[in-house]
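Visitor:
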Amino acid sequence: MPSASGMRAMDFDSQAAAVQAVRHSLQMLLTSGNSPGVQYLFLQGPDPLLSFQAGLADPGTGQLLQAGHRFNLHSATQLWTAAAVLRCVQTGLLALDEPLQNYLDGHVELGAATVRQALLHMAGFANPSALAWIHLCRDSFDPGKVAEALLLEHGRPVRSPGGAYRASRIGHLWLGQVLRAVTGQSLPAFLQAQGWLGGGTLPGGHLSFDPPDPAHHARGTLPRWGWLNPALAWFLDRDRYVAGVSGAWVRLEHHQADAQACCGLIGHAAGLAAGLQGLLARQGLASSGCPSGLFDTVPVVGPARGLGGFTGWLEGQHWCGHAGGGLGHYAEWRVYPRLQAVSVLLLNRAGLRDEGLLGRIDKPLVAALGRQQASR
């Protein structure tokens with residue numbers, strides 16, 4: 009039987025091999041032309057097991073991607089909306105099974121759809137394309153008025169609530185309105201007051217709803233020869249939003265999502281990972297078995313979910329995660345509660361579906377950490 013020092017050496021060797029395997033997968037994203045640039049961070053507790061940034065922040069200028077470059081996080085934002093809702097449930101301002109309309113005067117069109125159903129994408133809302141729900145960083149922007157306009161057009165349920173999962177940004181947009189009604193604060197202000205924005209304890213961590221800062225923002229791109237490039241003019245003013253073409257990539261002007269409560273966050277891997285660790289550490293929100301279900305699987309019809317994202321198993325470890333994509337950027341996050349670990353992947357190219365990249369990329373590290381945990 010190996011000695012304690014021998015076991016530690018085996019653990020170190022296993023983890024080092026896992027890090028190399030993950031690094032190879034990340035490098036392959038670049039060499040295969042998947043994205044101009046890649047940011048990735050895997051944290052266990054406060055300790056980064058792998059921090060990776062490579063490729064280009066802007067293929068037009070040749071600027072290298074650094075750890076401090078920020079990305080539009082799109083639907084990855086929905087976890088923070090869910091966390092805000094659960095904080096209000098804890099403090100008695102909201103009830104998960106109360107109809108949304110009970111918190112919003114004059115919105116009887118919402119019918120019986122509840123807070124819980126909106127979180128789980130079971131409230132009966134449509135899911136209109138959000139590709140055009142953006143504005144340039146130099147444009148004036150009133151998030152409250154934009155949310156009201158979007159909900160006036162798309163906010164009425166199109167089917168009875170409580171059925172199977174059907175992805176919809178509209179539910180989280182309504183939840184943003186509910187949060188404003190019960191707290192008297194916008195979602196960004198409420199999250200800031202809870203200490204859930206900024207980037208936590210990681211040096212230089214950034215996570216906010218602030219407009220993009222061109223000096224620190226990774227240039228959003230989309231593939232030059234994909235279908236999205238010729239289709240762009242169907243829903244956006246191409247002359248305003250396209251900054252140019254460089255090699256295989258169409259470069260976009262710096263922009264931000266309109267709908268804050270479902271896709272408005274901006275950050276980089278360090279900020280997002282620190283935010284995830286902060287939520288994971290808050291026992292009232294996310295401890296295993298906590299009735300809040302932020303990261304725990306809850307009974308639903310359709311894909312396995314918690315109130316904060318999709319759930320599943322990888323190498324014997326429960327995970328909760330989400331993807332966020334749109335014009336120019338793509339993001340994935342995962343939380344592994346038993347390992348007290350989180351991972352973040354950010355790409356500066358368009359993504360319009362959940363690509364499940366972290367399921368493959370994280371696998372060696374999750375397996376190695378699981379073996380270490382089992383041997384203790």
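Each step along the sequence shown adds one to the number in our numbering, with nothing skipped, and position 98 is 106.
Glycine included, each C-beta is placed from N, C-alpha and C at the ideal position.
Computed from a predicted model, the values in this text were never measured in an experiment.
(1) Do Trp-341 and Leu-280 have their CB atoms nearer than 8 Å?
(2) Using DSSP with H/G/I as helix, E/B as strand and the rest coil, what is Gly-333?
(3) In chain order, which alpha helix (DSSP H) runs of at least 4 residues are fully inside the stretch 108-168?
(4) Tell me, to the nearest whole angstrom, how far the beta carbon of His-129 is from that of Gly-179; I am working on the premise that it is less than 8 Å.
(5) Output the boundary residues of the alpha helix (DSSP H) element that contains Phe-50.
(6) Is the beta carbon of Gly-316 less than 8 Å from the beta carbon of Ala-91?
(7) Please say whether Gly-184 and Leu-195 have beta carbons closer to each other than 8 Å?
(8) Could you tell me if Leu-181 is buried or exposed, where buried requires 16 or more neighbouring beta carbons within 10 angstroms of its beta carbon?
(9) Give every residue of the same chain whose Cβ lies closer than 8 Å to the Cβ of Arg-384, excluding the five residues on either side of it in the sequence, and list them in chain order.
(10) According to the neighbour-count rule (16 or more other Cβ atoms, all chains shown, within 10 Å of its Cβ), is Thr-229 buried or exposed?
(11) Quick check: the Cα distance between Ala-331 and Arg-174, rounded to an integer number of angstroms?
(12) Tell whether a beta-carbon distance below 8 Å holds between Leu-49 and Pro-56.
(13) In whole angstroms, what is the alpha-carbon distance linking Asp-105 and Leu-81?
(14) Let's see if you can read the secondary structure: which residues bound the alpha helix (DSSP H) around Tyr-173?
(15) Once you ignore the five residues that flank Thr-89 on each side, which residues in its own chain have a CB closer than 6 Å to its CB?
(16) Give me the Cα-Cα distance between Gln-52 and Phe-60, rounded to the nearest whole angstrom.
(17) Decide if the stretch 33-45 is in contact with the stretch 234-253; the criterion is three or more beta carbon pairs, one per stretch, under 8 Å apart.
(18) Determine the direct distance from the alpha carbon of Val-46 to that of Phe-79, and round the result to whole angstroms.
(19) Can you tell which of Arg-379, Ile-369 and Gln-380 has the C-alpha that lies nearest to the C-alpha of His-32?
(20) Closer than 6 Å by C-beta to Ser-83: which residues in its own chain qualify, once you throw out the five before and the five after it? Chain order, please.
(21) Can you tell me the Cβ-Cβ gap for Val-116 and Leu-102, rounded? I've got them flagged as a contact below 8 Å.
(22) Closer than 6 Å by C-beta to Ala-375: which residues in its own chain qualify, once you throw out the five before and the five after it? Chain order, please.
(23) Rounded to a whole number of angstroms, what is the C-alpha to C-alpha distance between Pro-311 and Ala-172?
(24) What do you get for Phe-217, buried or exposed, if any count of 16 or more other CB atoms within 10 angstroms of its CB means buried?
(25) Which residue or residues does DSSP assign as beta-bridge partners of Arg-259?
(26) Tell me, please, whether the stretch 257-265 touches the stretch 135-149 by the rule of three or more beta-carbon pairs shorter than 8 Å.
(27) Could you check whether Leu-353 and Leu-335 sit closer than 8 Å to each other, using their CB atoms as the reference points?
(28) Please state the DSSP three-state secondary structure of Asn-42.
Guide: Checking against the coordinates, here is how it stands:
(1) Yes. Within cutoff.
(2) Shown here, Gly-333 sits in a strand according to DSSP, grouped into three states.
(3) If we require 4 residues or more, the alpha helix (DSSP H) runs fully inside the stretch 108-168 come out as 123-127 and 151-162.
(4) At roughly 6 Å, the Cβ-Cβ gap stays under 8 Å, so His-129 and Gly-179 are in contact.
(5) Per DSSP, Phe-50 is not a residue of any alpha helix (DSSP H); the beta strand (DSSP E) it occupies stretches across 45-52.
(6) Yes, the Cβ-Cβ distance between Gly-316 and Ala-91 is below 8 Å.
(7) Taking 8 Å as the Cβ cut-off, Leu-195 and Gly-184 qualify as a contacting pair.
(8) Counting C-beta atoms within 10 angstroms of its own C-beta, Leu-181 has 16 or more neighbours from the protein chains shown and is therefore classed as buried.
(9) Excluding five sequence positions before and after Arg-384, none of the CB atoms of its chain fall closer than 8 Å to its own CB.
(10) The residue is buried, with at least 16 neighbouring Cβ atoms inside 10 Å.
(11) Distance between the alpha carbons of Ala-331 and Arg-174: 15 Å.
(12) The answer is yes: Cβ separation under 8 Å.
(13) Straight-line spacing of the CA atoms in Asp-105 and Leu-81 works out to 29 Å.
(14) Careful: Tyr-173 lies outside any alpha helix (DSSP H) and carries neither H nor E.
(15) His-180, Leu-183 and Ala-269.
(16) Approximately 15 Å, taken between the alpha carbons.
(17) Contact between the stretch 33-45 and the stretch 234-253 is absent, because fewer than three Cβ pairs lie under 8 Å.
(18) Phe-79 and Val-46: Cα-Cα distance of roughly 11 Å.
(19) Taking His-32 as reference, the option from Arg-379, Ile-369 and Gln-380 with the minimal CA-CA separation is Ile-369.
(20) Hits under 6 Å: Cys-271 and Gly-332.
(21) Rounded, the Cβ-Cβ distance is 19 Å, inconsistent with contact.
(22) Cβ contact annotation for Ala-375 (same chain, cutoff 6 Å, sequence separation greater than five): Glu-323, in chain order.
(23) If you take the alpha carbons of Pro-311 and Ala-172, they lie about 9 Å apart.
(24) By the 10 Å Cβ count, Phe-217 comes out buried.
(25) Looking at the DSSP assignment, Arg-259 forms a beta bridge with Thr-229 and Gly-252.
(26) They touch, by the three-pair rule.
(27) Between Leu-335 and Leu-353, the gap from beta carbon to beta carbon reaches 8 Å or more.
(28) Here DSSP, grouped into helix, strand and coil, assigns Asn-42 to coil.
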